[in-house]
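*Asks:*
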Amino acid sequence: MNPSHIAIRNPASVFILVLMIVTLGSSAYRGLPREAAPDIQIPLLIVTLPFPGASPEDVESLVTRKAELALQNVDNLEEIKSTSAEGASTITLEFELGFDVDDARVKVREKLDEVRPELPEDMEDPIISEINFSEQPMLIV
2 MNPSHIAIRN PASVFILVLM IVTLGSSAYR GLPREAAPDI QIPLLIVTLP FPGASPEDVE
62 SLVTRKAELA LQNVDNLEEI KSTSAEGAST ITLEFELGFD VDDARVKVRE KLDEVRPELP
122 EDMEDPIISE INFSEQPMLI V
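According to this note's numbering, the sequence shown is numbered sequentially starting from 2.
1. Would you please state the rounded distance, in angstroms, between the beta carbons of residue 109 and residue 90? I believe it to be under 8 angstroms.
2. Using 8 angstroms for Cβ pairs, my map puts residue 87 next to residue 118. What's the rounded Cβ distance?
3. Relative to the C-alpha of residue 55, which residue among 103, 63, 130 is closest?
4. I need the DSSP call for residue 46, collapsed to helix, strand or coil.
5. Starting from residue 96 and walking both ways along the beta strand (DSSP E), at which residues does that stretch end?
6. Helix, strand or coil: which one does DSSP assign to residue 127?
7. Under the three-state reduction of DSSP, which class applies to residue 79: helix, strand or coil?
8. Quick check: what's the CA-CA separation for residue 101 versus residue 24?
9. My output table needs one value for residue 41: the three-state DSSP class, helix, strand or coil.
10. So, under 8 angstroms CB-CB, residue 96 and residue 78 are touching, yes? Tell me the CB distance rounded to an integer number of Å.
11. Please return the same chain residues whose Cβ sits closer than 6 angstroms to the Cβ of residue 124, not counting the five positions on each side in sequence.
12. Roughly how many angstroms lie between the CA atoms of residue 9 and residue 35, to the nearest whole one?
13. State the DSSP-derived secondary structure class of residue 86, mapped to helix, strand or coil.
Right under this line is the structure:
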């Protein structure tokens, strides 16, 4: 027997079945856990090495290369990218997923402290920052 014939002969049963499916579906939807602002951690650190008044070439040779060499040995480092601009060097460190960013920050600070004597004296202290989505606005109107 064809299912459409059964549905046509028993409209009350079809209505009750549809009502049960809608009720159970909406109940399951309300029971799903969800967060308005989930805590998303990206294992990414940005190291800025300010060297005021220096040309991009000087920044690269005196700061960026030495800092990169020191930072290459940090544990769980996946990728390192650097940019040398006038007055500053920016090094982006990408770590393996699941790696503790706070632990990475401590290790990066230690490596930079080790290489500090090789860097120019008039260079400012390094700035280590991370991307934190919980501090970013969810909606800009």
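The beta-carbon is built from N, C-alpha and C at its ideal position, and this holds for glycine as well.
*Replies:* From the atom records:
1. Going by Cβ atoms, the distance from residue 109 to residue 90 rounds to 14 angstroms, so no, they are not a contact pair.
2. No, residue 87 and residue 118 are not in contact; Cβ-Cβ is about 24 angstroms, not under 8 angstroms.
3. 63
4. strand
5. 89-96
6. coil
7. strand
8. 43 angstroms
9. coil
10. 6 angstroms
11. 52
12. 40 angstroms
13. strand
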